[in-house]
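Chains as they are written, first to last, in the working numbering: chain A, 106 to 237; chain B, 106 to 237; chain C, 106 to 237; chain D, 106 to 237.
Idealized CB from N, CA, C, for every residue including glycine.
The structure displayed is predicted, hence computed values, not measured ones.
Remarks on the structure that follows.
4 protein chains.
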Amino acid sequence: MQDNLNQKDRVYFEVRDYECDIQGIVNNAVYQNYLEHARHQFIKSRGLDFAEITAQGIYLVLIKAELDYIQSMHSGDAFYIQSSIERVSKLKLNFLQKVHRTDNDQLILSAKMTVTSTTKEGKPIVDHLVAS
Amino acid sequence: MQDNLNQKDRVYFEVRDYECDIQGIVNNAVYQNYLEHARHQFIKSRGLDFAEITAQGIYLVLIKAELDYIQSMHSGDAFYIQSSIERVSKLKLNFLQKVHRTDNDQLILSAKMTVTSTTKEGKPIVDHLVAS
Amino acid sequence: MQDNLNQKDRVYFEVRDYECDIQGIVNNAVYQNYLEHARHQFIKSRGLDFAEITAQGIYLVLIKAELDYIQSMHSGDAFYIQSSIERVSKLKLNFLQKVHRTDNDQLILSAKMTVTSTTKEGKPIVDHLVAS
Amino acid sequence: MQDNLNQKDRVYFEVRDYECDIQGIVNNAVYQNYLEHARHQFIKSRGLDFAEITAQGIYLVLIKAELDYIQSMHSGDAFYIQSSIERVSKLKLNFLQKVHRTDNDQLILSAKMTVTSTTKEGKPIVDHLVAS
Chain A
106 MQDNLNQKDR VYFEVRDYEC DIQGIVNNAV YQNYLEHARH QFIKSRGLDF
156 AEITAQGIYL VLIKAELDYI QSMHSGDAFY IQSSIERVSK LKLNFLQKVH
206 RTDNDQLILS AKMTVTSTTK EGKPIVDHLV AS
Chain B
106 MQDNLNQKDR VYFEVRDYEC DIQGIVNNAV YQNYLEHARH QFIKSRGLDF
156 AEITAQGIYL VLIKAELDYI QSMHSGDAFY IQSSIERVSK LKLNFLQKVH
206 RTDNDQLILS AKMTVTSTTK EGKPIVDHLV AS
Chain C
106 MQDNLNQKDR VYFEVRDYEC DIQGIVNNAV YQNYLEHARH QFIKSRGLDF
156 AEITAQGIYL VLIKAELDYI QSMHSGDAFY IQSSIERVSK LKLNFLQKVH
206 RTDNDQLILS AKMTVTSTTK EGKPIVDHLV AS
Chain D
106 MQDNLNQKDR VYFEVRDYEC DIQGIVNNAV YQNYLEHARH QFIKSRGLDF
156 AEITAQGIYL VLIKAELDYI QSMHSGDAFY IQSSIERVSK LKLNFLQKVH
206 RTDNDQLILS AKMTVTSTTK EGKPIVDHLV AS
């Protein structure tokens, strides 16, 4: 249940005009930007900085993305992304991410993003994220 | 088989530096830009201009995206996207899209993008695309 | 003096990882996104919604941009943009925009962005913005 | 005269739909993407790869951008960017860049982009670019 999730795992956003396309709605690709930012904030809240681990040569890479686009968003819309994780294997985990409108909690988009570490050095990171 | 697909349904690209992120590789979200451009070129080759049909009030919207990220790409890499379609229902169709390196045809990314028309006015467009 | 400017004309941001490029710093083009968002928030605080006036056929367009890049920003950096305006002519105005770090107020970027309305219908909007 | 410039310093583009905003025209910030790509292609044609020199720790950074937006571009428009350089000082040079429509050579945007190397190690690069 969403209500059981930690509220600190919500990241709040507001749609900026430059993120909308000729249809006047948030472009499909922009949701992947939002989701990435929410994942990196999630990791940061567990003490891991994405830019830092990248500089250390530990690469977390997306290997599969599944996005269900349920509603469109327009200029100025306020929303939040709730993220949680589940382990898939030693080096692999899923981020389950949901985009909701801030004012009425309506579901905008639901995503399952599978991330892996490309080297064994990533295992402690995956362990740490799943345990926390 | 890829070889049975029409070569004209290939759109050629080259990675630009601003499309790469702090990992030095093409950012995940940018692939959705590439794929959208390839879909719109596909539609255009069937006589439909995305900006024009949008201006007419006929909206084709993405409702589901599934992307398998197989390899990374770096600055300057040349690649092409091959697209084909399959009908799912009256108003819905799948774009099957594959990103390949130009020099050795290696598979970079494979995607199934489900698109629908939000109004009945879109049905002739879906019919036209599937028939052509 | 910056201190004389209205604090409500500050828009606060935080650098997101996808806005950084292979140099590990915010890409030059991204500052124009930030500045546009700050201008649209400025206009909104004066009762004008950019998406709405665009839908009404009143186009405010950028005709000249001058940006001085003074410092770089990295992943996670917090900053704010302070905007003010000055009239240039009947249909034209300058946005004077400064990007500062939130923690120490250091200047990151300074910009003068000249905006005009392409039709006479834009004159009341320019009048309203300058007067308010 | 533009005609005296080397034709090989032209980089050709076509507007992609995702580069257009709610006004239906190419977003202002996107021109900086185009211009950066044209500069990096210019450098590459002189034997310097931007990603490679960055990896070597030699940073070429933009310190000033002046852009005159003369015409708008829409979905599908074909254009080219012509670049030339002039030395400003030991470590600093200007890129003079013009965006023209491909079909009728109309001027879309004119820019002067001042680039510097942040370390002395960049001097041979600036020398090489100006000499070539």
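Check the Cα spacing between C/A143 and each of C/T159, C/Q187, C/E171 and C/I127: the tightest is with C/Q187. According to the DSSP assignment, A/L214 belongs to the beta strand (DSSP E) that extends over L212 to S222. Measuring C-alpha to C-alpha distances from A/K169 to each of B/R121, B/Y185, B/I213 and B/N209 identifies B/I213 as the nearest.
CA-CA distance, C/L153 to A/T159, rounds to 42 Å. In this structure, the CA atom of C/V166 is about 39 Å from the CA atom of D/K228. Scanning C/R121, C/I127 and C/I175 for the CA closest to the CA of C/S215 turns up C/I175.
One finds nothing in chain D with a Cβ atom closer than 7 Å to the Cβ of B/E171; even the nearest lies about 19 Å away. Counting along the chain, the unbroken beta strand (DSSP E) around A/Q187 starts and ends at A183 to S194.
At a cut-off of 8 Å between beta-carbon atoms, D/F155 makes contact with chain B.
Shown here is that no member of the segment 200-232 of chain C has a Cβ falling below 7 Å from a Cβ of chain D. DSSP places B/Q137 outside any beta strand (DSSP E); the residue lies instead in the alpha helix (DSSP H), whose first and last residues are N133 to S150.
Closest in alpha carbon position to D/D122, among A/N133, A/Y117 and A/E119, is A/N133. With respect to the C-alpha of B/N138, the residue from B/V116, B/K195 and B/S194 having the closest C-alpha is B/V116. Sixteen is the threshold: when 16 or more other Cβ atoms of the shown chains lie within 10 Å of the Cβ of D/Q146, as they do, the residue is buried.
Within a 10 Å sphere around the beta-carbon of A/D210 sit fewer than 16 other beta-carbons, which makes this residue exposed. Using a Cβ-Cβ cut-off of 8 Å, A/I148 is close to nothing in chain B; its nearest Cβ partner there is about 14 Å away. A/G162 is outside the set of residues whose beta carbon lies under 8 Å from a beta carbon in chain D. Take D/T219, set aside five residues on each side of it, and the residues of its chain with a beta-carbon closer than 6 Å to its own are I168, K169 and N199, in chain order. D/R206 and A/S150 have their alpha carbons spaced roughly 48 Å apart. Under the 10 Å beta carbon count, D/Q128 is surrounded by 16 or more other beta carbons and is classified as buried. For B/K197, the enclosing beta strand (DSSP E) covers residues K197 to R206.
In this structure, DSSP gives A/V166 an extended state, which the three-state scheme calls strand. In summary, D/V231 is buried, with 16 or more beta-carbon neighbours lying within 10 Å of its beta-carbon over all protein chains present. Apart from sequence neighbours up to five positions away, the residues of its chain that approach C/D173 with a beta-carbon distance below 8 Å are L214, S215 and A216, ordered along the chain. Going by DSSP, A/E119 is part of the beta strand (DSSP E) stretching over R115 to E119. Residues of the segment 118-143 of chain C with a C-beta atom less than 7 Å from some C-beta of chain B are D122, Y123, C125, D126, I127, G129, N132 and A134, listed in chain order. Here B/L234 carries a helix assignment [DSSP, helix/strand/coil].
Contact of C/I168 with chain D by beta-carbon distance below 9 Å involves D173, Y174 and I175.
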